[in-house]
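One structure below.
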């Protein structure tokens with residue numbers, strides 16, 4: 001078996017790739033919008049889309065430090081000012 005070589009620029013608009021929804025757009029605050037590969041195996045009656053984007057550096061720091069460790073907001077602000085946490 002063989003097939004024509006597909007250039008990367010043509011891959012995202014290839015009919016089979018589009019039909020199978022092989023790539024999904026995602027928006028990042030720093031990088032802007034780009035495509036990521038979805039899971040390669042599709043199951044009927046299941047949501048096959050990519051669930052979410054990974055957390056950014058420090059995105060959950062305040063919540064974890066306050067909720068899990070009981071750290072006061074003033075101490076968190078001090079650590080952030082000293083660049084100990086993001």
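Numbering (the working numbering), first residue to last: 1 to 86. By construction, the Cβ of each residue, glycine as well, lies at the ideal position given by its N, Cα and C atoms. On a predicted model such as this, the values are computed, not experimentally measured, just so you know.
_Straight-line gap, residue 77 to residue 35 (C-alpha atoms, nearest Å)_ = Against the chain shown, residue 77 aligns to sequence position 77. Against the chain shown, residue 35 aligns to sequence position 35. Looking at the two C-alpha atoms, the distance is approximately 36 Å.
*Throw me the rounded Cβ distance for the residue 53 and residue 84 pair, which I believe falls under 8 Å.*
Walking along the chain shown from the start, residue 53 turns up at place 53. Walking along the chain shown from the start, residue 84 turns up at place 84. That pair is no contact at about 25 Å.
*Span separating the alpha-carbon of residue 130 from that of residue 16*: Residue 130 is absent from the structure shown; the chain starts at 1 and stops at 86.
_Could you compute how far the alpha carbon of residue 37 sits from the alpha carbon of residue 22?_
Position 37 of the chain shown, counted from the first residue, corresponds to residue 37. Position 22 of the chain shown, counted from the first residue, corresponds to residue 22. Looking at the backbone, the Cα of residue 37 and that of residue 22 are separated by about 6 Å.
_If I follow the unbroken alpha helix (DSSP H) through residue 76, where does it start and stop?_
Translated into the one-based positions of the chain shown, residue 76 becomes position 76. That run of the alpha helix (DSSP H) goes 73–81.
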